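Taken in sequence, the protein lines are chains B and V. Residues in the first sequence are numbered from 447 upward in steps of one, following my numbering. Residues in the second sequence are numbered from 447 upward in steps of one, following my numbering. Notes follow once the structure below has been shown.
There are 2 protein chains.
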Amino acid sequence: MADARASGIVDTADPRAVAAAWSRLAEPADPAAGHVVRALGPATALTWLLDAAAGPDVAERAIRRLHGDRPGLPDELAPARLLRAVSRWAPRTRGLDPRRELRSLELLGGTLLLPDDPRWPRALDDLGVLAPHCLWARGEPDLAGASTRSVALVGARACTEYGRHVAAELAHGLAGRGVAVVSGGAYGIDAAAHRAALAGGGTTVAYLAGGVDRLYPAGNADLLRGVLDAGGAVVSEVPPGSVPSRVRFLLRNRLIAATARATVVVEAAWRSGALSTAARAAELLRPVGAVPGPVTSMASSGCHRLLRDGAAVCVTDVDEVAELALPAGDGLPDEGSGAGARGGTASGRDVPDDLDGVGRRLFDALPLRRAADVASIARTAGLALDETRGALGLLELAGFAVQEGGAWRRAPSGRR
Amino acid sequence: MADARASGIVDTADPRAVAAAWSRLAEPADPAAGHVVRALGPATALTWLLDAAAGPDVAERAIRRLHGDRPGLPDELAPARLLRAVSRWAPRTRGLDPRRELRSLELLGGTLLLPDDPRWPRALDDLGVLAPHCLWARGEPDLAGASTRSVALVGARACTEYGRHVAAELAHGLAGRGVAVVSGGAYGIDAAAHRAALAGGGTTVAYLAGGVDRLYPAGNADLLRGVLDAGGAVVSEVPPGSVPSRVRFLLRNRLIAATARATVVVEAAWRSGALSTAARAAELLRPVGAVPGPVTSMASSGCHRLLRDGAAVCVTDVDEVAELALPAGDGLPDEGSGAGARGGTASGRDVPDDLDGVGRRLFDALPLRRAADVASIARTAGLALDETRGALGLLELAGFAVQEGGAWRRAPSGRR
């Protein structure tokens, strides 16, 4: 198996080839790979691995030698664990040839981002040893810029019309505020979010579970091409040619959760994969939002679970999503468009809001049509006579009460 | 004004007459009335008031004398405040005749409950000086019993079909668990809750803002008669003949919040009065729940506000409401009917739940149709060869994998 290196197929002097090799050899979020790369550096670690992968005896010797040379290795690289890791990686050293995958990416006009690239989203560093070795990106490669102002909108593939509608509203609104929409390129909520972000003239980034050579799922290929055309990006941590396995879907979610400033679950059933994205975001101390829905809809039960567990904040519109994701003062709505404006459409109560307790009580006690004397109004309101007199004068000034020959009634409602 | 006592119309030796008089003289939740009754006892306080109410000069003298006799009176009864309170109560001493109102109640077959009655809901004591002086009750007067296992279901009068449906589901389910449904007898959510509690064979209690002689609103009179017929109760803290003013509606909410073990807002717009019930319940350290709804429905915006503010727990079904209201182990659903059962209707993911990380990864890598050799499966899964061999054996034992001539594939999904 050492013939991979022997034949010079991996040029360990080329950091791109090394990172590409690691992304091929180790499954996403393999902690041993993260630790060995952190301890030795990616190139030295790869050189060592290609030696060690030649066979079980060789591996054991290589591990003993490594521990001899580097006494401070972490527990995660203890001999038994490292042996297991090497035997996991070794089968993949056969036929390893990152040049081939890099060429595929190049043909697609893509870019390989390494962690030291200024376009690398620094937020991924919070993943520690579980951070990806590299990112295979198509489209606009400045993922750092997109990550700074971004929100992940995630949810069920089997969404309802309601979920699709809300995802689209939120994505469109975020696009209008210059916030990038991050999602997973899947059917359902993901697709609605990407599509509406595009329609809103915004940037959107899709993190795929498989290689970026295959715009998966096939039914979203046109949409994902649209993402690329509009200056967005389609990104994966596994090389071209990798299949999107179920485990990779779940692990891909950590990239979405880490790069976005906040994660919002738009619609998710009780065991939806979107809940794993929310869990990863919470672990990374990113704000998590959940959109409520009808309790009669199983498609919202996962969102309600998050709300119930206190694992997510209830978000109902783009203002609330923006508030979750952006620092105060950055992209926050003005008073008029937020909560304040809502009062207008609220319940039918038409009590003037700016009355104090006494004024409100008195306003209530005022007859609508036939004016009443102060004493009768005071009795009805349960207020003292002088208090009633004073407050009636204030109500009159404010346009809520009218006086007719010493008796009082409410001002006609159109009056004010 | 002292002629009320002079003419003997209030028999201050009769605790029922005294309490009835206080409920007529002071508006609900008048803190001065609560304090003076607490400090002097209801009868002495009333005797004193009927003296003091004869005129401003008399009142000032009476207050001076009172403060002379009782040096430790609380700040809430400082002379200026007490003078204001007396001038508030005095207009109502004219024509005061609790016998008349007690006779009305008697004709309706009702019961006046005083705070020392064993049927008095002790939970009201948590209101302190804002507790009612008495309760005018029609129907079953054991409000203590009804309060012990009870949930308040409240919400908008202008509710949607969705809200009505959820209120009915919850009330019916609570009735089935022997939990009394407390509400306000209003249109919309209140009516749906009372009605479904009756339909479910349960007990329900309506706290009205006006006197119990008038089953208000008129459109719910038949429903409220149904509540009485079914062994429920219709209750008010104001005497028969009192009109349900807006302020009384809001103050009535504190009785609902205090007597129920928990308050659930089923549907409420941004400024619904139901939110005041929730606020009172929270102040009294009662659990508060809110039912989420579509974010596109303004009728749920108040519920979402509560969830967003962390002022309510998200509740979506009767199990969750019961969990909120009842002590652990009392009326809680068994595992099968709760969260566990929900998984069955959840998202389409069909990964066996009981596989560990390696097993799940391997299961993913197994071909569905044409069996593959161990080495190829290990590569696909990113697992070591020996690890793969061991885990395949376990998968086979568990019925997830089948072997065909040394090669492996997934077990047909019906197999297990």
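Beta carbons are placed, not taken as given, at the ideal position from N, Cα and C, and that holds for glycine. A quick note: this is a predicted structure, and the numbers were derived from the prediction, not measured.
- Annotation: T490/B to D457/B spans about 12 Å, alpha carbon to alpha carbon.
- The stretch 586 to 606 of chain B and the stretch 704 to 722 of chain B touch, with no fewer than 3 CB-CB distances between them shorter than 8 Å.
- About 16 Å separates the beta carbons of E683/V and L554/V, which is beyond the 8 Å limit, so they are not a contact pair.
- Around the beta-carbon of D571/V, fewer than 16 other beta-carbon atoms lie within 10 Å, marking it exposed.
- In the three-state reduction of the DSSP assignment, C749/B falls in the helix class, which pools H, G and I.
- Burial is judged here by how many other beta carbons sit within 10 angstroms of a residue's own beta carbon; D765/B has at least 16 and is buried.
- For the pair L573/V and A708/V, the Cα-to-Cα distance works out to about 15 Å.
- Closer than 9 Å to the CB of A536/V there is at least one CB belonging to chain B.
- The beta-carbon distance between L831/V and V710/V, rounded to whole angstroms, is 57 Å. This is too long to meet the 8 Å contact definition.
- Straight-line spacing of the CA atoms in L661/V and G739/V works out to 31 Å.
- Taking C-alpha positions only, L697/B is separated from A757/V by approximately 34 Å.
- The shortest CA-to-CA distance from P686/B to any of A479/B, T557/B and A592/B is the one to T557/B.
- The contact set of E833/V on chain B, defined by CB atoms closer than 8 Å, consists of R530, S533 and R534 in chain order.
- Contact between the stretch 698 to 707 of chain B and the stretch 661 to 676 of chain B is absent, with fewer than three C-beta pairs closer than 8 Å.
- Residues are counted here when their Cβ sits less than 8 Å from a Cβ of chain V; for the stretch 565 to 581 of chain B the count is zero.
- Between A642/B and V627/B, the gap from beta carbon to beta carbon is short of 9 Å.
- Looking at the DSSP output, G836/B shares a beta bridge with no other residue.
- P578/B and V712/V have their C-alpha atoms some 45 Å from each other.
- The three-state reading of DSSP puts T493/B in helix, counting H, G and I together.
- By the CB criterion at 9 Å, S629/V and A652/V fall inside the cutoff.
- Across the set A818/V, A479/V and A459/V, the C-alpha of A479/V shows the shortest separation from the C-alpha of W468/V.
- Look at A500/B: its C-beta is not under 9 Å from any C-beta on chain V.
- Taking all protein chains in view, the Cβ of P733/V is crowded by 16 or more other Cβ atoms within 10 Å, so the residue is classified as buried.
- Residues of the stretch 608 to 632 of chain B with a Cβ closer than 9 Å to any Cβ of chain V, in chain order: Y608, H611, V612 and E615.
- In the structure shown, V741/B falls within a coil segment according to DSSP collapsed to helix, strand and coil.
- Counting only the Cα atoms, A837/V lies some 33 Å from P517/B.
- L674/V is positioned such that its CB atom lies closer than 9 Å to that of R584/V.
- Along the stretch 805 to 824 of chain B, going in chain order, the ones with a CB nearer than 8 Å to a CB of chain V are R806, R807, D810, A811, A821 and A824.
- Only residues of its own chain outside the window of five on either side were considered, and among them P477, A478 and H481 have a CB closer than 7 Å to the CB of E522/B, listed in chain order.
- Burial of E586/V is indicated by the presence of at least 16 other C-beta atoms within 10 angstroms of its C-beta.
- The criterion of a C-beta distance shorter than 9 Å is not satisfied by Y608/V and A771/V.
- Runs of the alpha helix (DSSP H) lying entirely within the stretch 690 to 730 of chain B and spanning at least 4 residues, in chain order: 692 to 705 and 720 to 729.
- Non-local beta-carbon contacts of A505/B in its own chain, meaning distances under 8 Å to residues more than five positions away in sequence, involve A498, A499, L529, V532, S533 and A536 in chain order.
- For T742/B, the closest Cβ of chain V is nearer than 9 Å.
- If you look at E552/B, you'll find it in the alpha helix (DSSP H) that goes P544 to L553.
- Scanning chain V for C-beta atoms nearer than 8 Å to the C-beta of G739/B yields P738, G739, P740 and V741, reported in chain order.
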